[in-house]
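Some notes on the structure that comes next.
There are 4 protein chains.
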Amino acid sequence: MGITERKEREKKQRKEQILEAARRLFQERGFLNVTISDIAEAVELSIGSLYLYFKNKEDLYAGLACLGSQKFDTLLDEALYKKKKLTQKELVAFIEKFMRIYADYGCYFDVLMFNFKGKGSINLSDGYANTLREITQSSLTKSVKYFLTRVSPERQDKIEAARATTFVIWALLLGLTQVLNVGRTEIFSEEDVQRVIKKAALLLANVPPELSINS
Amino acid sequence: MGITERKEREKKQRKEQILEAARRLFQERGFLNVTISDIAEAVELSIGSLYLYFKNKEDLYAGLACLGSQKFDTLLDEALYKKKKLTQKELVAFIEKFMRIYADYGCYFDVLMFNFKGKGSINLSDGYANTLREITQSSLTKSVKYFLTRVSPERQDKIEAARATTFVIWALLLGLTQVLNVGRTEIFSEEDVQRVIKKAALLLANVPPELSINS
Amino acid sequence: MGITERKEREKKQRKEQILEAARRLFQERGFLNVTISDIAEAVELSIGSLYLYFKNKEDLYAGLACLGSQKFDTLLDEALYKKKKLTQKELVAFIEKFMRIYADYGCYFDVLMFNFKGKGSINLSDGYANTLREITQSSLTKSVKYFLTRVSPERQDKIEAARATTFVIWALLLGLTQVLNVGRTEIFSEEDVQRVIKKAALLLANVPPELSINS
Amino acid sequence: MGITERKEREKKQRKEQILEAARRLFQERGFLNVTISDIAEAVELSIGSLYLYFKNKEDLYAGLACLGSQKFDTLLDEALYKKKKLTQKELVAFIEKFMRIYADYGCYFDVLMFNFKGKGSINLSDGYANTLREITQSSLTKSVKYFLTRVSPERQDKIEAARATTFVIWALLLGLTQVLNVGRTEIFSEEDVQRVIKKAALLLANVPPELSINS
DNA sequence: GATGAATGAGATTTCATTCAT
DNA sequence: CATGAATGAAATCTCATTCAT
Chain A
1411 MGITERKERE KKQRKEQILE AARRLFQERG FLNVTISDIA EAVELSIGSL YLYFKNKEDL
1471 YAGLACLGSQ KFDTLLDEAL YKKKKLTQKE LVAFIEKFMR IYADYGCYFD VLMFNFKGKG
1531 SINLSDGYAN TLREITQSSL TKSVKYFLTR VSPERQDKIE AARATTFVIW ALLLGLTQVL
1591 NVGRTEIFSE EDVQRVIKKA ALLLANVPPE LSINS
Chain B
1411 MGITERKERE KKQRKEQILE AARRLFQERG FLNVTISDIA EAVELSIGSL YLYFKNKEDL
1471 YAGLACLGSQ KFDTLLDEAL YKKKKLTQKE LVAFIEKFMR IYADYGCYFD VLMFNFKGKG
1531 SINLSDGYAN TLREITQSSL TKSVKYFLTR VSPERQDKIE AARATTFVIW ALLLGLTQVL
1591 NVGRTEIFSE EDVQRVIKKA ALLLANVPPE LSINS
Chain C
1411 MGITERKERE KKQRKEQILE AARRLFQERG FLNVTISDIA EAVELSIGSL YLYFKNKEDL
1471 YAGLACLGSQ KFDTLLDEAL YKKKKLTQKE LVAFIEKFMR IYADYGCYFD VLMFNFKGKG
1531 SINLSDGYAN TLREITQSSL TKSVKYFLTR VSPERQDKIE AARATTFVIW ALLLGLTQVL
1591 NVGRTEIFSE EDVQRVIKKA ALLLANVPPE LSINS
Chain D
1411 MGITERKERE KKQRKEQILE AARRLFQERG FLNVTISDIA EAVELSIGSL YLYFKNKEDL
1471 YAGLACLGSQ KFDTLLDEAL YKKKKLTQKE LVAFIEKFMR IYADYGCYFD VLMFNFKGKG
1531 SINLSDGYAN TLREITQSSL TKSVKYFLTR VSPERQDKIE AARATTFVIW ALLLGLTQVL
1591 NVGRTEIFSE EDVQRVIKKA ALLLANVPPE LSINS
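Just so you know, the sequences run in chain order A, B, C and D. For the first sequence, the residue numbers in the working numbering are 1411 to 1625. For the second sequence, the residue numbers in the working numbering are 1411 to 1625. For the third sequence, the residue numbers in the working numbering are 1411 to 1625. For the fourth sequence, the residue numbers in the working numbering are 1411 to 1625.
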């Protein structure tokens, strides 16, 4: 009876190995410029074998996007679990970690972006689409709750304001990854990057409570 | 000699027509999912003729990116020419305009992003690479100058701080386009979008001068 | 020695189970569109195990064709064993039964057809090729004998005429399955089908003896 | 203005060349066992070029099926235009011609059969599906009319009977092609084939009027 | 005997780019 | 200058068959 389980486990591991290889390649060469062949070669499997684990390329992308969302969700958990206002230092650390995760797992987001940008260019199969939606909702809810609590626990009616704030902050973080990544070597020195992150933290530190209340 | 000039002018116009058609298609169908043939058809030119104007696909992408950068540069000019602090209302208007431009010309940025993400996937021909660098530098300088002037004209040594602030703001704007676009129909109502933009404006309104000075 | 026999018997049963599953799938989805994996799944065996029973896909096809031929041979036996001219009513019943069998086992014929159409596309292993030939010969002989007997037992020299008649009748029956199946839902109502079958029976009823004699 | 037309004409010719090559290959090797590559090679075009003329493999199949139906429709026209009962000799000639056409163009029918057998295995694009339906309907109407006129012009109410007869005859013809083709080299001598055709003609000669009237 | 993950050979399809007209 | 048919290289995907366990 252990055999079935072991096989099951091995199969899952293989899937993860493939996703990990795909991730690395995407990150290295860019989301385009990576073919199924490349991934197969990277995990030392035949092309056909990949198709045992993912029914097509989009399925693989979707798997990546899910994994990525989870990574970021976890980051959020760690950062916000205290339910109290983060200090400037904690904020800087948080942003830095966000940037670092993005450096490794950002391609997940890129996949996601493409999914939406292309207006159907990548059609996730229903299973994945749902999973993704759920993770996103979960992250959203968590962040909103965090801001709600911090801002004014007695005014739970301010939920829309908290939601809006949440999105602004997400936007800032996401935008930072883009801006910093794009210019990294050409425009920014490592010092520059640090400076930008500090500024951003300062901005975030000043968000609530005023911001959340006069929506 | 008037003839050569006219030809030159016509050639430039054609080029712009082609870019405009490409832009529209990219925006409609997503950056992938658009082929050279599609573009040729859209401008009512033959495929072969496209290659008279752009030496290859990457050249065309590069042309797009330049045009896009110019659009946003112009927006910046309009918004910042007063050299004084924008009111909350003006900020909201500015962000809205930024979003609207992105809705039409965002694919320019996407092209740019890809260029950098792909790490060499699109090798711009030298001419375009220079033009792009120049425009980007110009926009950057302008923004930085704006913040510098507003904040403390007497402290020109604060230039790095101003630069950093500039990037944070750019990041926020860019991030907003991503976040709002991605979730537009699924997560956000039109009301939500308005709310988020207002918050972002509030955030921006509170940036300087403190932020720029204590970097 | 009883053990070997039992094993033999079980092996044969397994083979039939597999063929039955294959038949059902072919009938459902069409001859193409069915993979070895599908069949394995349908009989709840592993892919590898299928290859214990059939040395390759063509072997399996051949097995199917044999089974099908036998089915139709049995039908022939039942219909003709009386050795006297069938009434119009009996003929209608016969055709109807033929059509019904075809509805379930027709894919056998399709396999056969393909085998011959493809001119060597399916190379039957010798065993099957022989079996198939034998069954076909047997059916043929039986039919011919039937017509011979009925028509003019004293003129055994008319054997070629009887053979030709036999083939015409087979052709008619086979053609009916094709025509009626193809148009079933689109062109024919159930009433139409009945009408066509009656006509065909009428045609058959009028075949001999004149037909067989003046060949 | 002649240029556009010439190009148009050449394009159509190319399409026909491709279909002709495909037909020949199908006929030679069987409907399966022919790849897009094979066809490309046969017309001395690159694979990619085929896709300029047919948007995919099914489209090519559909084109074939249409052409084939037209061929047979023409045969029908020639055979039946006299609107009077065919003599035994004419019938034999007709069947022989039918068989000969089938020998060259039968793969069209095979494609058709597959289309229906596979229950969607080959999904014709709407355009072709309609064309096919129309041709089939046209052939049907023509045949029915022929039998109606011949049999009993005064009893136009017998249309269903005529339809049924038509199908029986079609079935016989189609069945003949199958039976004779399958066994051609293995079972039938050329003499046998002639004999079978004569019998079939005899059968057909005896069909109406009795058959059509007592439906 | 039984398994099913892995393979590899080949099929279909796409598309930027070229070049004869 | 303009054309668009033709190309070829490469990408995605399929599946009968094998073989280590």
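Ideal Cβ positions, reconstructed from N, Cα and C, are used throughout, including at glycine. Predicted model only: the values in this text are computed from it and were never measured.
Looking at B/Ile1545, B/Thr1546, B/Ala1572, the one whose alpha-carbon comes closest to that of lysine 1555 of chain B is B/Ala1572.
For the stretch 1447-1459 of chain D, the set of residues with a beta-carbon nearer than 9 Å to any beta-carbon of chain C is empty. Taking the Cβ atoms as the reference, leucine 1542 of chain A lies roughly 27 Å from alanine 1610 of chain A, outside the contact range of under 8 Å. For tyrosine 1538 of chain D, the three-state secondary structure derived from DSSP is helix.
Comparing C-alpha distances from glutamine 1604 of chain A to each of A/Ala1581, A/Tyr1463, A/Leu1501, A/Ser1447 shows the shortest one belongs to A/Leu1501.
Taking 4 residues as the shortest admissible run, the stretch 1465-1513 of chain A contains the following complete alpha helix (DSSP H) segments, listed from N- to C-terminal end: 1467-1490. Taking 8 Å as the threshold, the shortest C-beta distance from leucine 1582 of chain D to chain C falls below it.
Taking isoleucine 1449 of chain A as the centre and dropping the five residues before and after it, the same chain places the C-beta of Ile1428, Ala1431, Ala1432, Leu1435, Leu1460 closer than 7 Å to its C-beta, in chain order. Apart from the 5 residues on each side of it in sequence, lysine 1507 of chain D sits with its Cβ closer than 7 Å to the Cβ of Leu1485 in its chain, given in chain order. One alpha carbon belongs to leucine 1612 of chain D, the other to glutamine 1498 of chain D, and they sit about 7 Å apart.
Within the stretch 1471-1495 of chain A, no residue places its CB atom closer than 8 Å to a CB of chain B. Exposed is the label assigned to leucine 1462 of chain A, since fewer than 16 other Cβ atoms lie within 10 Å of its Cβ. Distance from the CA atom of leucine 1496 of chain B to the CA atom of phenylalanine 1504 of chain B, rounded to whole angstroms, is 9 Å. Residues of the stretch 1420-1450 of chain A whose Cβ lies closer than 8 Å to any Cβ of chain B, in chain order: Glu1438, Arg1439, Gly1440, Phe1441, Leu1442, Asn1443. Under a 10 Å Cβ-count criterion, lysine 1608 of chain C is classified as buried, with 16 or more other Cβ atoms of the shown protein chains found around its own Cβ. One finds Val1589, Val1606 in chain C with Cβ atoms closer than 7 Å to the Cβ of phenylalanine 1577 of chain D, taken in chain order. Around glycine 1585 of chain A, the beta-carbon contacts reaching into chain B at under 8 Å are Trp1580, Ala1581, Leu1582, Leu1583, Leu1584, Gly1585, Leu1586, Gln1588. A distance below 8 Å separates the beta carbons of valine 1589 of chain B and alanine 1581 of chain A.
Residues of the same chain with a CB within less than 8 Å of the CB of isoleucine 1545 of chain A, apart from the 5 flanking positions on each side, are Cys1476, Ser1479, Gln1480, Asp1483 in chain order.
In the same chain as threonine 1576 of chain C, and ignoring 5 residues on each side of it, the C-beta atoms closer than 7 Å to its own belong to Leu1550, Ser1553, Val1554, Phe1557, in chain order. For leucine 1584 of chain A, the closest C-alpha among the options A/Ile1413, A/Glu1600, A/Tyr1518 is that of A/Tyr1518. Interface flag for lysine 1499 of chain A against chain B is unset, since no Cβ pair is found closer than 8 Å. When the five nearest sequence neighbours on each side are left out, no beta carbon in the same chain lies closer than 6 Å to the beta carbon of arginine 1419 of chain D. Within chain B, not a single residue places a beta-carbon under 8 Å from that of alanine 1503 of chain A; the smallest gap is close to 17 Å. Comparing C-alpha distances from glutamate 1454 of chain B to each of B/Glu1600, B/Lys1425, B/Ile1413 shows the shortest one belongs to B/Lys1425. Counting every other CB atom within 10 Å of its CB across the protein chains shown gives tyrosine 1491 of chain A a total below 16, marking it as exposed.
Residue-level contact check: alanine 1615 of chain B does not touch chain A, since none of the beta carbons of chain A fall below 8 Å from its beta carbon. The beta carbon of phenylalanine 1464 of chain C sits closer than 8 Å to the beta carbons of Lys1425, Ile1428, Leu1470, Gly1473 from its chain, once the five residues preceding and following it are set aside; these are given in chain order.
The closest CA to that of arginine 1439 of chain D, considering only D/Gly1516, D/Met1509, D/Val1606, is found on D/Gly1516. Counting along the chain, no alpha helix (DSSP H) covers glutamate 1454 of chain B, and no H or E run does either. Around the C-beta of glutamine 1437 of chain B, 16 or more other C-beta atoms lie within 10 Å, and the residue is accordingly described as buried. In this model, glutamate 1415 of chain B and phenylalanine 1598 of chain B are separated by some 50 Å (Cα to Cα).
Interface annotation, alanine 1513 of chain C: not in contact with chain D, CB-CB separation never under 8 Å. Secondary structure at glycine 1516 of chain B: helix, using DSSP grouped into helix, strand and coil. At a cut-off of 8 Å between C-beta atoms, lysine 1609 of chain B counts as an interface residue with respect to chain A.
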